[in-house]
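Chains A and B, in that order, give the protein sequences.
Using the numbering used here, the first residue of the first sequence is number 1, and each one after it goes up by one.
Using the numbering used here, the first residue of the second sequence is number 1001, and each one after it goes up by one.
Idealized CB from N, CA, C, for every residue including glycine.
Treat the numbers as computed from the prediction; the structure is a model and nothing was measured.
Each remark here refers to the structure printed beneath this line.
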Amino acid sequence: MIDPIAAFAIAERAFEAANVRPGLEACYRVAGRVLALRFAGTALATKLLPAFAHLEAIEGTPADLTICCWDDASSGVSIPEPIREEGRRGVEYADGPVRIAWEIEERTLQAYDFRRRLALFRTPDVAELATWEQGAPFRRILHWWSAGLGLQFVHGAAVGTEVGGVLLIGRGGSGKSTMALACVGSSLGYAADDYCILELGVWPCVHSIYSSGKADAASIAMLPRLAEAFHASLIDQQGKSVIFIAQHASQAILRSFPLRAIVAPKIVSGFACNAEVLPPGEALRALAPSTLFQSPGDRMQSFARMSALIRNIPCWRLYVGGDPSAAQPLLEAIIAGRSPNP
Amino acid sequence: MRYRLNDRDVVSEVLDGEVIVIHLQSGTYYSTLASGADIWNALLSGRSVEEIADCLARGAEEERAHIAAEVARFVSELTAENLIFSTDSDPIGRPNDLGTAPAFVTPELHKYTDMQELLLVDPIHEVTEEGWPLRDTTEQ
C-alpha cells in the first residue's frame, strides 16, 4: 500500500530525477494569480502549453501555484502505480491535505500539496497523451488550487467584453461551445468553451484558463469563421476537433471580465433566436451537476458557491437555431442589462 | 421517525422555493417544489414524519390520513434514493416551529439521470487515507 503523502513524495523525487537537464518553465497569470509550469524536457511542454498561450506571461514574480510535469517515456523516470483492477475505469481519488488523482486508463497522475501550493503532473508517454488533456490540461489540480482560494472552477463557456459577459452553461452537447466559438470574430470576446474559473463576491468575475475550443462536424458547419482553423485540428476521443483560439484569432481572446448573467443555450430547429428568464433552480441544475461530477474534491463547498452565485445574478434560457451567430445581439442585450427580446 | 441528510454522498440547496439535491455517487440529481420542498426542509430541520403531516394537515382541506400517507410515500422515495437516512437521535435543540402550514399539494420528486453517463465513463473512486495497493512494475 502507498498512502497519498508517500505517493506525493515519491512522485516529487521522480520529477527531480527527470529534471536533471534544464527543462522548460513558463509562468502565466490565471485569475489574477501566478501559475508556474515546470517541465522536465520539452516534449510534454509542446503538447500542454498551447492551451495557455493566450494568458499574460509573467517573469520574476513568485508563483501562487507551481505544477511540475514530466512523462516517463522521454525522461526515463517512472513511478510506482496502483494496481489496476480488470475493467476498472475513471479516476482513483484521495482527499486530504495532499490530494491525488490517478486516471486509471490514461495512467496519469495529478497531485496537489495544499500547504506548499505545489502540484505534480505525470503521464507515462507524451506520445499517448489524450487530446482532451491537451485542450484542458491540469483540470483537477486547477480545481483543487482554485477552490482553496475561494474561487470556483466550473464547466461552462464564457464570452463577453471587458465591461461584462456571460457564463454559458449546460451539459455536453447543449450548444455552449458552439455558441462561444460563434462569437470569435464578432464584437464579443472569447474566454472559454468548456472550463473557466469564477471569482465570486459582490462583483463576480470570469477568468479564462484555456484558449481551446472543441466542436463536432455538425457544429463546425455552423462556424464558417473558424472553418480553416478546424481543417487541420486535433481530434479528441469523442471525435470532436480541438483548436486553440490564440493560434487563429488571438484578438478574440478575453482573459477576464465581470460576470453579468448566466445563459443556458438550447439548440432548436429553425433559425430564430429568443430568450426567456431561467428560474434559478433550473440554472443550478444546468451548472452544478456537470461541474461536480467532473471534479472530485470540495464538492459541498463548490455546490454552495454555485448556488450563491445563481441567487444573485440574472439567468436566461437562450433558444438558438441553426445560426448560432444570430444569438450575439441577444447576448449583447443580456450583458447590457436590456431585455434580449424585441 | 426522524431523518437526516446522507451528507457523505448528497448535497442540497434551496433556490427560489425549489430544492435541488445531487447524489454525487450515483450521478443522479433531483428537484422538488411546493409541499415537496416544505417536507424536505422540515425533515432536515429535525421534524418527524408525524409532526410534518400534522402541520400540513392543519392548513389543508384534505383528510389528515391522506396527507400523512402522501408525506410517508414521499419520505420513502427520498429514502429509497439514498438521499436521507432514518435516525434514532433527537434533533440538537428544539426544532423551530414549522409556522403556518403552507397549502398542501401532492409532493413530487423529479429525478434526472441525464448526467449518469458522465460518471459511468469517468467514475470517481474515492480511496481511504491508507491509499492504494501498488502494482508490480516488473510485470510490464
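Here's the rule I'm using: 16 or more other beta-carbon atoms within 10 Å means buried, otherwise exposed. How should lysine 266 of chain A be labelled?
Working through the first sequence from its first residue, we reach residue 266 of chain A at position 266. Exposed.
Under 8 Å, with one C-beta from each stretch per pair, do the stretch 176-193 of chain A and the stretch 1-14 of chain A reach the 3-pair mark?
no
Rounded to whole angstroms, what's the CA-CA distance from alanine 1034 of chain B to threonine 1079 of chain B? Just pull it up for me.
Taking the second sequence and counting its residues from 1, the one referred to as residue 1034 of chain B is at position 34. Taking the second sequence and counting its residues from 1, the one referred to as residue 1079 of chain B is at position 79. Approximately 19 Å, taken between the alpha carbons.
So does the stretch 312-320 of chain A actually touch the stretch 1048-1058 of chain B, counting three or more Cβ pairs closer than 8 Å?
no
Can you list, in chain order, the residues of the stretch 1098-1125 of chain B whose Cβ is nearer than 8 Å to any Cβ on chain A?
Tyr1112, Asp1114, Met1115, Leu1118, Leu1119, Val1121, Asp1122, Pro1123, Ile1124, His1125
Determine the extent of the alpha helix (DSSP H) in which cysteine 1055 of chain B is found, giving its start and end residues.
Taking the second sequence and counting its residues from 1, one reaches residue 1055 of chain B at position 55. From DSSP, the alpha helix (DSSP H) with cysteine 1055 of chain B extends over 1049-1058.
Check the Cβ-Cβ distances between arginine 1008 of chain B and every residue of chain A, and say whether any is below 8 Å.
What you label residue 1008 of chain B is simply residue 8 of the second sequence in a count that begins at 1. Output row for arginine 1008 of chain B: interface = no.
Does the structure place the stretch 54-63 of chain A close enough to the stretch 29-38 of chain A that three or more beta carbon pairs sit under 8 Å?
These segments touch.
Comparing the C-beta of serine 290 of chain A with each C-beta of chain B, is any distance below 8 Å?
As a first step, residue 290 of chain A is located in the first sequence; it is residue number 290 there, counting from the start. Taking Cβ atoms only, chain B reaches closer than 8 Å to serine 290 of chain A, which makes this a yes.
Based on the DSSP secondary-structure assignment, which residues constitute the bridge partners of phenylalanine 271 of chain A?
Residue 271 of chain A sits at position 271 when you count from the first residue of the first sequence. DSSP lists no partner for phenylalanine 271 of chain A.
Three-state secondary structure (DSSP) at phenylalanine 153 of chain A?
As a position in the first sequence, residue 153 of chain A is number 153, starting the count at 1. Three-state DSSP puts phenylalanine 153 of chain A in a strand.
Can you tell me which of the three DSSP states glutamate 1139 of chain B falls into?
Counted from its first residue, the second sequence places residue 1139 of chain B at position 139. Reliability fails at glutamate 1139 of chain B, whose pLDDT of 48 lies under 50, so the model's placement of it is uncertain and the value that follows must be treated cautiously. Helix at glutamate 1139 of chain B.
If we require 3 or more residues per run, which beta strand (DSSP E) segments fall completely within the stretch 79-103 of chain A?
91-94, 98-103
Give the residues of chain A in contact with arginine 1058 of chain B, contact being defined as C-beta atoms less than 9 Å apart.
For the purposes of this step, residue 1058 of chain B is taken as the residue at position 58 of the second sequence. The contacting residues do not exist; arginine 1058 of chain B stays about 27 Å from chain A at best.
If you follow the alpha helix (DSSP H) that glutamate 228 of chain A is in, where does it begin and where does it stop?
For the purposes of this step, residue 228 of chain A is identified with residue 228 of the first sequence, where counting begins at 1. Segment 227-231, the alpha helix (DSSP H) holding glutamate 228 of chain A.
At the 8 Å Cβ level, is glycine 1027 of chain B part of the contact set with chain A, yes or no?
Counting from one through the second sequence, the residue named residue 1027 of chain B turns up at place 27. Answer yes: the Cβ-Cβ gap between glycine 1027 of chain B and chain A drops below 8 Å somewhere.
Could you tell me if serine 233 of chain A is buried or exposed, where buried requires 16 or more neighbouring beta carbons within 10 angstroms of its beta carbon?
Counted from its first residue, the first sequence places residue 233 of chain A at position 233. Classification of serine 233 of chain A: buried, given that the 10 Å Cβ count is 16 or more.
In this structure, does DSSP put glutamine 110 of chain A in helix, strand or coil?
Counted from its first residue, the first sequence places residue 110 of chain A at position 110. Of the three classes helix, strand and coil, the one that applies to glutamine 110 of chain A here is strand, per DSSP.
In chain B, which residues lie less than 9 Å from glutamate 81 of chain A when you measure between Cβ atoms?
Position 81 of the first sequence holds residue 81 of chain A. Neighbours of glutamate 81 of chain A in chain B, taken as residues at a C-beta separation under 9 Å, are given in chain order as Trp1132, Leu1134, Arg1135, Thr1137.
Using a cut-off of 8 Å between C-beta atoms, extract the partners of glutamine 345 of chain A located in chain B.
The structure shown does not extend to residue 345 of chain A, since chain A is modelled only from 1 through 342, so no value can be given for it.
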